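Residue numbers (my numbering): 12 to 281. All remarks here apply to the structure that follows.
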């Protein structure tokens with residue numbers, strides 16, 4: 012089965028899942044990064060994570076043991092280049108998210124060269140991030156750095172994180188929605204973009220800000236939100252405009268501004 016066919020099947024499944032969900036009630040994002048700029052959809056039109064996701068792992072279960080094992084496996088990465096990359100991935104203030112996906116995209120994502128791609132990412136951050144708040148606010152799961160009385164890779168954000176439910180991961184939801192959208196715009200970079208989204212989510216475990224199950228279910232919300240957005244005309248029009256500017260950037264031979272070998276080396280650390 013081709014990669015394109017696989018993505019279409021995944022999208023179809025996500026559309027069915029999104030269609031089965033009730034409209035999400037309007038809730039307040041306790042992390043302001045997820046409500047910084049208007050998304051494509053009213054929050055009430057987004058899929059509801061509380062309806063779609065199972066509860067987070069309970070105490071004394073195999074699922075929670077898996078979360079603890081995943082956290083423990085990242086301990087050797089603290090204070091390494093991978094920890095530093097996790098810190099960059101944690102930064103949701105633009106232009107950093109655009110920089111984080113430029114190497115995987117193979118071209119610069121910025122306001123000058125690819126403004127439609129840049130604006131798509133900004134809007135998707137809000138849509139995907141807010142889609143997680145039904146479950147976030149309901150379960151209000153305590154984050155791993157609080158449970159273990161440890162630090163994260165972003166000490167300046169710990170005050171916000173302490174009051175923001177851990178489950179599911181809003182960062183991961185945004186990262187996966189970004190990657191699926193960028194794949195649609197630039198399918199020649201499918202593998203690179205999906206791999207980058209996976210590592211973007213894993214950065215949250217490495218950063219000690221999320222449990223593995225938070226990340227796994229954040230990925231699901233990113234995919235469902237991406238599916239829901241295809242019913243929105245403004246989103247579809249933006250995709251079409253973004254495809255044109257990506258083709259123009261490729262013809263012009265534009266390359267990401269950062270050193271992609273540094274990012275690749277950091278992400279390769281396990």
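Glycine residues also receive a C-beta, built at the ideal position from the N, C-alpha and C atoms. Being a predicted model, the structure only gives us computed values, none of them experimental.
Nearest candidate by alpha-carbon position, reference residue i, set the options
{"i": "residue 55", "options": "188, 39 and 70", "result": "39"}
{"i": "residue 121", "options": "253, 49 and 276", "result": "253"}
{"i": "residue 126", "options": "105, 144, 61 and 204", "result": "105"}
{"i": "residue 76", "options": "135, 155, 107 and 112", "result": "155"}
{"i": "residue 78", "options": "249, 213 and 273", "result": "213"}
{"i": "residue 277", "options": "62, 189, 63 and 211", "result": "211"}
{"i": "residue 145", "options": "107, 229 and 257", "result": "229"}
Secondary structure of residue i, DSSP reduced to three states
{"i": "residue 58", "result": "strand"}
{"i": "residue 132", "result": "helix"}
{"i": "residue 110", "result": "helix"}
{"i": "residue 219", "result": "coil"}
{"i": "residue 2", "result": "What is shown of the chain runs 12 to 281, which leaves residue 2 out entirely."}
{"i": "residue 89", "result": "coil"}
{"i": "residue 270", "result": "coil"}
{"i": "residue 161", "result": "coil"}
{"i": "residue 155", "result": "helix"}
{"i": "residue 263", "result": "coil"}
{"i": "residue 71", "result": "coil"}
Supposed close pair residue i, residue j - CB separation, criterion 8 Å
{"i": "residue 226", "j": "residue 177", "result": "Residue 226 to residue 177, Cβ: 10 Å. No contact."}
{"i": "residue 236", "j": "residue 142", "result": "5 Å"}
{"i": "residue 92", "j": "residue 218", "result": "Actually they are not in contact, since the Cβ atoms of residue 92 and residue 218 sit about 14 Å apart, beyond 8 Å."}
{"i": "residue 265", "j": "residue 68", "result": "Actually they do not touch by this definition, with Cβ atoms about 44 Å apart."}
Whether residue i touches residue j by CB criterion (7 Å)
{"i": "residue 268", "j": "residue 232", "result": "no"}
{"i": "residue 81", "j": "residue 223", "result": "yes"}
{"i": "residue 109", "j": "residue 132", "result": "yes"}
{"i": "residue 138", "j": "residue 51", "result": "yes"}
{"i": "residue 58", "j": "residue 239", "result": "yes"}
{"i": "residue 190", "j": "residue 204", "result": "yes"}
{"i": "residue 208", "j": "residue 187", "result": "yes"}
{"i": "residue 101", "j": "residue 165", "result": "yes"}
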